[in-house]
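Engineer:
Numbering (the numbering used here), first residue to last: 1 to 514.
Right, here's the structure in full:
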């Protein structure tokens, strides 16, 4: 009951968001039908973004009323679901077990906490779910029996195998975000439901890439640098498995997509120029890939209008992602930056959107955790940043290296512009549905930001100095004199298990714990 009360107060759940990515290569192949639906008809595994676990029928119990939970992916029939489009953007989900029972909202319930189970097919509303596209090309699944007021949910933000699946009032936050992974191991469609022609077939593990039309296929052990040299705007480089590479500069409009648990290992790089991928150009998309072991930043972005989807950046020796020096209007969806650490702990943030980054950079459903410095660092940015449903957890310590340790660090005096004295640069950042937990300093930190930062439906829990650190005045060391900051807006936010400094903020809505 306490958990349910807490969730009702915070509304810290989200509707199922669905994109399509690569399933495990060991899974059996079943053809998924491509169609002009948001989710094409076909067989899928359904993975929760928050926990990285899969929806399954508990214990493979093929009977009416059997419970649905989340579990480690294993390719079993109880983790397979067949999508059927039934009109008006509604779908049904049939279990892969022998009886073909359907995902079902128990007793057609409409209250928070209604259980999700399987039941024999009956073509009634409790077995129909409305697909609603979100801004990042993902979708939400609302229950028809609730008149679309409720959505499927992992109860209490569980990250444990066995976490229960229920319904909760729809509000679009990250706990209920899922990927639908085609059982055949390839992307079933793009975000518009059209056929994916970049299937990335290759000639085997010969160590060389192959080219077909506008696709360059790079199998495991091939040379990524050669593929980049061949690529031109409009080319998609498809990586399968793990490839090792030196630093690469991605040309404008060249895309990188991964399948079969694709990884780019940059362990051969060295020194301060040993970045993984540099994007100085515009209009590229990188998706479904892990970038790791770079001697500097995992991804370094000074270009604009680039898109990143399901990109993981980890074990690098500087920030996992860095946007700076004019980089503008870049979009990040469902990206994860973790275990990045530099020797002094001063620079390796999860997401460093700083040092003269431009306007319009946007983050949705991204996670920064276990980085040696901050989760997000917006020091000396030159444009407002938008964050939606993002998490910053346990930053400030990585592999024995300590750094600043803030979750979301929102500002800093600009003392890096040549020919200009240090000065305040007010920016009106916005954070919606974001959470910060267990960071070694503050969860949400002003860091001398003089603009009006707005936090809505955010939660900060168990951060070591402050959950929310928004003083009214300060004396930035780079300025050497006292200044009064713009008042932040804290709207319907929650603070748990920590203290707050908020004389420089205004509270409104249903705030809890202040």
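Even for Gly, the Cβ is constructed at its ideal location relative to N, Cα and C.
Please specify which runs of the beta strand (DSSP E), each continuous and at least 3 residues long, are wholly inside the segment 54–107, giving them in chain order.
Structural biologist: 54–57, 68–71, 81–87, 90–95, 102–105, all fully within the segment 54–107.
Engineer: For residue 310, name the three-state secondary structure that DSSP assigns.
Structural biologist: strand
Engineer: Does DSSP put residue 392 in a helix, in a strand, or in coil?
Structural biologist: strand
Engineer: Which residues in the same chain have their Cβ closer than 6 Å to the Cβ of residue 331, if we skip the five residues on either side of it in sequence?
Structural biologist: 307, 362
Engineer: Reducing DSSP to helix, strand and coil, say where residue 144 ends up.
Structural biologist: helix
Engineer: With a cut-off of 8 Å on the beta carbons, I'd call residue 267 and residue 244 a contact; round off their distance for me.
Structural biologist: 7 Å
Engineer: Relative to the C-alpha of residue 351, which candidate in 335, 360, 493 has its C-alpha closest?
Structural biologist: 335
Engineer: For residue 362, which beta-bridge partners are listed by DSSP?
Structural biologist: 331, 386
Engineer: Check whether the segment 437–444 and the segment 415–424 touch, using three or more Cβ-Cβ pairs below 8 Å as the test.
Structural biologist: no
Engineer: Quick one: Cα of residue 281 to Cα of residue 359, how far?
Structural biologist: 16 Å
Engineer: Please name the residue in 286, 57, 85, 260 whose C-alpha comes closest to that of residue 253.
Structural biologist: 286
Engineer: Can you give the Cα-Cα distance for residue 141 and residue 131, rounded to whole angstroms?
Structural biologist: 5 Å
Engineer: In terms of residues, what are the limits of the beta strand (DSSP E) holding residue 322?
Structural biologist: 321–323
Engineer: Quick check on the burial criterion: 16 or more other C-beta atoms within 10 angstroms. Buried or exposed for residue 225?
Structural biologist: By the 16-neighbour rule on beta-carbons within 10 angstroms, residue 225 is exposed.
Engineer: Grouping DSSP H, G and I as helix and E and B as strand, with all else coil, what is residue 183?
Structural biologist: coil
Engineer: Give the secondary structure of residue 47 by DSSP, where H, G and I count as helix, E and B as strand, and everything else as coil.
Structural biologist: strand
Engineer: Could you tell me the distance, in whole angstroms, from the CA atom of residue 195 to the CA atom of residue 52?
Structural biologist: In this predicted model, residue 195 has a pLDDT of only 31, less than 50, meaning its place in the structure is not dependable enough to derive any value.
Engineer: Note down, one range per segment and in chain order, each alpha helix (DSSP H) of at least 4 residues found wholly within the segment 206–282.
Structural biologist: 224–230
Engineer: If you draw a straight line from the C-alpha of residue 432 to the C-alpha of residue 90, how long is it?
Structural biologist: 28 Å
Engineer: Going by DSSP, what residue range makes up the beta strand (DSSP E) through residue 165?
Structural biologist: 165–169
Engineer: Opposite residue 150 in the DSSP bridges: which residues?
Structural biologist: According to DSSP, residue 150 bridges with 169.
Engineer: Tell me the residue span of the beta strand (DSSP E) that contains residue 304.
Structural biologist: Neither: residue 304 is in no beta strand (DSSP E) and is coded neither H nor E.
Engineer: Roughly how many angstroms lie between the CA atoms of residue 412 and residue 498, to the nearest whole one?
Structural biologist: 24 Å
Engineer: Beta-carbon within less than 8 Å of residue 420's beta-carbon, same chain only, minus the 5 sequence neighbours each way: which residues are those?
Structural biologist: Answer for residue 420: 414, listed in chain order.
Engineer: Measuring straight from C-alpha to C-alpha, what distance separates residue 526 and residue 476?
Structural biologist: Any question about residue 526 goes unanswered here, given that the chain covers just 1 to 514.
Engineer: Let me check one thing: in DSSP terms, what residues is residue 338 bridge-paired to?
Structural biologist: 314, 369
Engineer: When we look at the beta-carbon of residue 292 and count the other beta-carbons within 10 Å, is it buried (16 or more) or exposed?
Structural biologist: Counting other Cβ atoms within 10 Å of its Cβ, residue 292 reaches 16 or more and is therefore classed as buried.
Engineer: First and last residue of the beta strand (DSSP E) that includes residue 128?
Structural biologist: Residue 128 -> no beta strand (DSSP E), and no H or E assigned at all.
Engineer: Residue 455 lies in the beta strand (DSSP E); which residues open and close that run?
Structural biologist: Looking at the DSSP string, the run of the beta strand (DSSP E) that includes residue 455 is 454–456.
Engineer: Thinking just about the alpha-carbon of each residue, which of 443, 379, 401 is nearest to the one in residue 478?
Structural biologist: 379
Engineer: Let me make sure I understand the geometry here. Which of 65, 88, 45, 92 has the alpha-carbon closest to that of residue 78?
Structural biologist: It is 45.
Engineer: Considering just the uninterrupted stretch of the beta strand (DSSP E) at residue 117, what are its terminal residues?
Structural biologist: In the DSSP annotation of this structure, the continuous segment of the beta strand (DSSP E) that includes residue 117 starts and ends at 116–119.
Engineer: I believe residue 407 touches residue 384 by the beta-carbon criterion, under 8 Å. Please report the beta-carbon distance rounded to the nearest angstrom.
Structural biologist: No, residue 407 and residue 384 are not in contact; Cβ-Cβ is about 19 Å, not under 8 Å.
Engineer: Our contact map puts residue 294 next to residue 276 with C-beta atoms below 8 Å; I'd like the distance itself, whole angstroms only.
Structural biologist: 4 Å
Engineer: Residue 402 by DSSP, collapsed to three states: which one?
Structural biologist: strand
Engineer: Could you give the residue range of the beta strand (DSSP E) that holds residue 475?
Structural biologist: First-last for residue 475: undefined, no H or E at that position.
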